[in-house]
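S.K.: Going by my numbering, the sequence shown opens with residue 962, and the numbers climb by one from there. Would you mind keeping the following structure in view while I ask a few things?
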Amino acid sequence: RLFLGSKRHIDFVTFRSMCAKLKCRERCVEYWEAMDATLGGCISLFELEPEGCVLMLRLLARFAHDCPGYSELSPTDLFGKLAMSRSA
């Protein structure tokens, strides 16, 4: 996230630049080919951390089930609602 901010996908040029900043540009093609298995020309968080994506989707499903209207809540209020639903 340090290099990408809130972007959901990155292309090879951005990836190569990121590798250069991390002092591993000479292997960036090798890394890219390992992550871009579909040859779609971009990679996302799913290619980097598929298990983390699945856990985030489970959490989102939990929010949708336990806290209708969760998208309008502040993080603090959402946490409070989830904590209360577990203690009840």
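Ideal Cβ placement from N, Cα and C applies to all residues, glycine included.
Span of the beta strand (DSSP E) holding C1003?
M.R.: Stepping through the sequence shown from its first residue, residue 1003 is reached at position 42. C1003 to S1005 is the span of the beta strand (DSSP E), which, as asked, contains C1003.
S.K.: What distance in whole Å lies between the Cβ atoms of C989 and C980, which are believed to be in contact at a cut-off of 8 angstroms?
M.R.: By one-based count along the sequence shown, residue 980 stands at place 19. By one-based count along the sequence shown, residue 989 stands at place 28. Correct: roughly 4 angstroms between the Cβ atoms.
S.K.: State the Cα-Cα distance for the pair E1033 and F1024, rounded to the nearest angstrom.
M.R.: By one-based count along the sequence shown, residue 1033 stands at place 72. By one-based count along the sequence shown, residue 1024 stands at place 63. Distance between the alpha carbons of E1033 and F1024 is about 12 angstroms.
S.K.: Between the alpha carbons of M1045 and C1014, how many angstroms are there, rounded?
M.R.: As a first step, residue 1045 must be located in the sequence shown, where it is residue number 84. As a first step, residue 1014 must be located in the sequence shown, where it is residue number 53. Between M1045 and C1014, the C-alpha separation is close to 25 angstroms.
S.K.: Report yes if the C-beta distance between S1005 and R977 is below 7 angstroms; otherwise report no.
M.R.: Start at 1 with the first residue of the sequence shown, and residue 1005 comes out as number 44. Start at 1 with the first residue of the sequence shown, and residue 977 comes out as number 16. Contact flag unset, no.
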